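Okay, so the sequence shown: first residue is 1059 according to my numbering, each after it adds one.
Note that CB positions come from ideal geometry on N, CA and C, so glycine has one too.
These numbers were taken from a predicted model, which means no experiment stands behind them.
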Amino acid sequence: MARQYLLLAIFLLCTSPLAAQTSGSISGRITFGSDARPLHQVSVKLVELKRTVVTDDDGRYEFKGLPPGRYTIFVHQEGFGDVTRTVALAAGAGATIDVVLTLTGVREQVTVTATGSEQSLFESIASVSTTDSTKLVERAAVGLGDSLDNEAGVAKRNFGPGNSRPVIRGFDGDRVLVASDGVRVGSLASQSGDHSEPVDVLSVDRVEVVKGPATLLYGSNAIGGVVNAVSGHDEGAHPGLRGYFTTIGSSNSDQASVSGGVEYGWKNWMVWGNATGQRSSDYKAGGGYGRVFNSFTRNAAGNGGFGYYAKKAFANFNFSHYQNRFGIPVGDGADEERSLRMWRQSYRINVGLTDLNSFISSIKVTLDHTNYRHQEIADSVVGTTFRNRVYSYRAVLDQRAYKRLSGRFGVEGYYRNYSTVGEETLIDRPIKQRSFSAFGLEELKFDRVTLQFGGRVENNSYRPVSNAYRERDFTGFSGAAGARFRLWKGGAFVANYTHSYRAPALEELYNFGPHDGTLSFEIGNENLRAEKSNGIDLSLRQQNKRVRLEGNFFYYRINDFVFLAPTGEFDGGGGGGGKRQFGDGGGSGLPITEYRQGDSRFYGTEFNIVASVSKYVDLTSSIDYVNARLSDGRPLPRIPPFRARFGVDAHYKTFSVRPEYVVAGKQDRVFDLETPTRGYGTFNLAANYVIPQDHFAHIFFVNAFNLGNTMYFNHVSFIKDISPEIGRGVKFGYTVRFF
């Protein structure tokens, strides 16, 4: 027996050094500014293992005890540009990754929306654009669409500045999903041109746009793309205090905005809160047009929460409130003053497990309750009240990487109760909608090729309270396969095929009556079939110290595409040609339209390039174009025109100045009753100056827009023939971030 114990001891002494050698480490230092100041309390995440550490006072971090493999390091600090780095770690080896974070200028971008896990845009198989908090503040827009307008492939639909909404590659309405941290916001902006999205763009960490179908992870409402506002609160706990304060003013519309927020971490606990207030008066359009009557906005928002983050588990709670009142500029001052007043409240719980030693490496479950309401007001009298209550749940499981295979799968669903009361009651009594889906997304990584494939099965059911409507059920499948090929150092080619399904939206099925939001008398179609889309996306990318380039081409064929078509008649009080009617039937004078279906095709391109011509000067350019028609050759309505942007980024240390010229072509491919829109060009100039300190960063910015005071019209706007866009003006502001 003694001999056996001696042999065992010798074996352990001999093998323990070998075991230690199999464990590797990754370490480094995080700095910012031209003088390489250390950044403390920066979150550094090992994406594959869901492990997070924070930097010390000298900006250093370290991960120990790592098995060999390929790892992605994700570096995050509020207000700075996120950074990812990839490293192949051999058995028992150590790797050093130093990262310099920046507040402004041309920099790397990161997405979590494309796959549910952090990765750089260059490595993403989907086509994604990211607008970070610094750029959002500099644009100083009230509406979500204005904040993202002029991003390649993204236009804005608006009914005035208070309610702009993104349009992705010509897709609008129920085909673009707006989410907050991956969960739908529960608004009604998709169903009407004069409804707004309740997203506080001054308080979020960044807004990500997935261009093209994102139906695998986010559902059939994302058949055209997804817009995701990322808060940053799910990154984990950090010790100490962080926060920001921003103030903005504008010369044109007398805009005044203020926003502030704090986060405080103690041991495994963290609490946070922020608040925003904005106001603006009627804006002045270009070309001597004068003020656009009733284009004012009033906006207030806030959220707060707390979380507990243990080594392998976390739980957090967040409450948010958003309210907005904005004018509808459809008159000249002699008409009635129309406005919308909107409230949204959300309660959200996230719980999860991380770094599990099993087939499942992490689990995250989200429960959300959103209570949305808005009122349509004419001359201070409430005409119609819309209510939308949504209960959402989402569970995502990450599987531990096995050799070259990794992925995630989960389930998602929501219950919705929608109703309207008042003059513009488009649907009689409430309608309840239920949705449930299961999805999966897998990835195979080789040395020069990455393959991605997945699928989603989704069921949607509509249960009207009124017996006058049919109950409808839809079940469909969406699937995708993509590949990323590394061509040369810094060069890649990406190809995607998607098959997407979308159930008809509630308003497409059941609306009936005059609808000011679409300037028509709408007639729904309870016999609509689900849309089915097949498409390809091709992308060529180049990224090195001199050039960052991405060129995209897309083509989608959509069967049974739903669109709103004029009948050639006008509502004169006859209840829409003898069909059922609600309200007094007094006649709106609006053109009668009905929801129809037909096969369609979309194709287009996007191109972005940033070229460094010297240490101090970068040239930037982007173009986008989309062509959308029905199979009979008719153009689809409100498709954005060709656009191009040419700019210069001149910078020295922490000062940057960026002139740009934006040109849009004439849009004469128009639908029935739609009018052409002439082309235009605008000249803009932005500049900022950063004062970095050890625990503070002061950012001063100025944004001068439409300096030529051009009068132009937005073809995607429902009221483009009534209200021109904003004229010459200057926005200026100041932000301080402390960390």
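Under the three-state DSSP convention, the category residue i falls into
{"i": "Arg1223", "result": "strand"}
{"i": "Val1671", "result": "coil"}
{"i": "Gly1290", "result": "coil"}
{"i": "Tyr1568", "result": "helix"}
{"i": "Lys1789", "result": "strand"}
{"i": "Gly1019", "result": "Lying before the first or after the last residue shown, residue 1019 is absent from the chain, which here runs from 1059 to 1797."}
{"i": "Glu1106", "result": "coil"}
{"i": "Gly1630", "result": "coil"}
{"i": "Thr1192", "result": "helix"}
{"i": "Arg1197", "result": "helix"}
{"i": "Lys1325", "result": "coil"}
{"i": "His1296", "result": "coil"}
{"i": "Thr1768", "result": "coil"}
{"i": "Lys1422", "result": "strand"}
{"i": "Asp1413", "result": "coil"}
{"i": "Lys1778", "result": "coil"}
{"i": "Gly1512", "result": "strand"}
{"i": "Gly1636", "result": "Residue placement at Gly1636 is flagged as unreliable, the pLDDT there being 34, under the threshold of 50; the coordinate-derived value follows with that caveat. In the structure shown, Gly1636 sits in coil (DSSP, three-state: anything other than H, G, I, E or B)."}
{"i": "Gln1403", "result": "strand"}
{"i": "Ala1526", "result": "coil"}
{"i": "Asn1216", "result": "coil"}
{"i": "Ala1550", "result": "strand"}
Cβ distance (whole Å) where residue i is taken to contact residue j below 8 Å
{"i": "Arg1604", "j": "Ala1669", "result": "7 Å"}
{"i": "Phe1384", "j": "Gly1218", "result": "6 Å"}
{"i": "Ser1027", "j": "Asn1610", "result": "Residue 1027 is absent from the structure shown; the chain starts at 1059 and stops at 1797."}
{"i": "Asn1446", "j": "Arg1492", "result": "The Cβ separation is near 14 Å, so there is no contact."}
{"i": "Asp1263", "j": "Gly1290", "result": "4 Å"}
{"i": "Thr1171", "j": "Val1259", "result": "The Cβ separation is near 16 Å, so there is no contact."}
{"i": "Leu1179", "j": "Thr1188", "result": "7 Å"}
{"i": "Gly1139", "j": "Leu1159", "result": "6 Å"}
{"i": "Gly1626", "j": "Glu1482", "result": "The Cβ separation is near 23 Å, so there is no contact."}
{"i": "Gly1348", "j": "Met1769", "result": "Not really, about 10 Å apart at Cβ, beyond 8 Å."}
{"i": "Gly1513", "j": "Phe1535", "result": "6 Å"}
{"i": "Ile1784", "j": "Tyr1341", "result": "5 Å"}
{"i": "Ile1708", "j": "Val1675", "result": "For the sequence presented, residue 1708 should be read as Ala rather than Ile. The Cβ separation is near 5 Å, so the contact holds."}
Interface flag, residue i vs chain B, CB-CB below 7 Å
{"i": "Val1507", "result": "In summary, chain B is missing from the structure at hand, where a single protein chain is found."}
Among the options, the one whose alpha carbon lies nearest that of residue i
{"i": "Ser1658", "options": "Ser1591, Ile1306, Gln1601", "result": "Ser1591"}
{"i": "Gly1662", "options": "Gly1174, Pro1698, Tyr1613", "result": "Tyr1613"}
{"i": "Arg1624", "options": "Asn1685, Tyr1568, Val1671, Pro1695", "result": "The amino acid at residue 1624 is misidentified as Arg; the sequence shows Pro. Of Asn1685, Tyr1568, Val1671, Pro1695, the residue nearest in Cα terms is Pro1695."}
{"i": "Asn1569", "options": "Leu1596, Ser1477, Asn1602", "result": "Ser1477"}
{"i": "Lys1778", "options": "Thr1160, Pro1387, Val1241, Ile1281", "result": "Pro1387"}
{"i": "His1134", "options": "Arg1143, Phe1551, Gly1127", "result": "Arg1143"}
{"i": "Gly1630", "options": "Leu1622, Lys1193, Pro1649", "result": "Pro1649"}
{"i": "Pro1734", "options": "Arg1215, Pro1717, Ala1287, Pro1699", "result": "Pro1699"}
{"i": "Asn1617", "options": "Thr1576, Ser1558, Gly1645", "result": "Ser1558"}
{"i": "Pro1125", "options": "Ser1278, Ile1084, Val1469, Phe1417", "result": "Ile1084"}
{"i": "Ser1450", "options": "Asn1429, Ile1780, Ala1436, Gln1249", "result": "Asn1429"}
{"i": "Phe1759", "options": "Gly1785, Lys1193, Gln1655, Trp1546", "result": "Lys1193"}
{"i": "Asp1190", "options": "Asn1286, Arg1118, Gly1244", "result": "Asn1286"}
{"i": "His1773", "options": "Ile1697, Lys1711, Val1715, Ala1755", "result": "Ile1697"}
{"i": "Gly1323", "options": "His1296, Arg1337, Leu1246, Lys1461", "result": "His1296"}
{"i": "Ser1519", "options": "Leu1097, Phe1532, Ile1435", "result": "Phe1532"}
{"i": "Asp1252", "options": "Lys1490, Ser1222, Asp1676, Val1234", "result": "Ser1222"}
{"i": "Ser1416", "options": "Ala1526, Arg1458, Asn1517", "result": "Arg1458"}
{"i": "Ile1485", "options": "Phe1511, Gly1471, Arg1528, Leu1499", "result": "Arg1528"}
{"i": "Asn1361", "options": "Gly1465, Phe1354, Val1112, Ser1378", "result": "Ser1378"}
{"i": "Gly1307", "options": "Val1200, Val1112, Gly1319, Asn1382", "result": "Val1200"}
{"i": "Phe1796", "options": "Val1320, Gly1127, Tyr1119, Ala1237", "result": "Val1320"}
Assigned exposure category for residue i - 16 Cβ within 10 Å defines buried
{"i": "Trp1330", "result": "buried"}
{"i": "Val1439", "result": "exposed"}
{"i": "Thr1169", "result": "buried"}
{"i": "Tyr1302", "result": "buried"}
{"i": "Asp1577", "result": "The residue you asked about is not Asp; residue 1577 is Leu in the sequence shown. By the 10 Å Cβ count, Leu1577 comes out buried."}
{"i": "Val1507", "result": "exposed"}
{"i": "Gln1751", "result": "exposed"}
{"i": "Tyr1043", "result": "Here the chain has residues from 1059 to 1797 only, and residue 1043 is not among them."}
Residue i: CB within 6 Å of a non-hydrogen atom of the ligand ZN
{"i": "Thr1188", "result": "The ligand content of the structure shown is nil, which means the ligand ZN is not present either."}
Within the stretch 1432-1499, ranges of the beta strand (DSSP E) (whole runs, at least 3 residues)
Counting whole runs of 3 or more residues, the stretch 1432-1499 contains the beta strand (DSSP E) stretches 1439-1460, 1463-1480.
Any alpha helix (DSSP H) of 4 or more consecutive residues that is wholly inside the stretch 1225-1287:
Segments of the alpha helix (DSSP H) lying fully in the stretch 1225-1287: 1273-1276.
My parser needs the beta strand (DSSP E) runs of 3 or more residues fully inside the stretch 1562-1612; what are they?
The qualifying runs are 1570-1573, 1578-1581, 1589-1601.
Complete beta strand (DSSP E) runs within the stretch 1686-1739 (minimum length 3 residues, chain order):
Complete beta strand (DSSP E) runs here, min 3: 1701-1710, 1713-1722.
Segments assigned beta strand (DSSP E), at least 3 residues, entirely inside the stretch 1113-1174:
Complete beta strand (DSSP E) runs here, min 3: 1118-1124, 1127-1134, 1141-1147, 1152-1154, 1157-1159.
Quick one: complete beta strand (DSSP E) runs, 3+ long, within the stretch 1305-1376?
Counting whole runs of 3 or more residues, the stretch 1305-1376 contains the beta strand (DSSP E) stretches 1314-1324, 1327-1338, 1355-1367.
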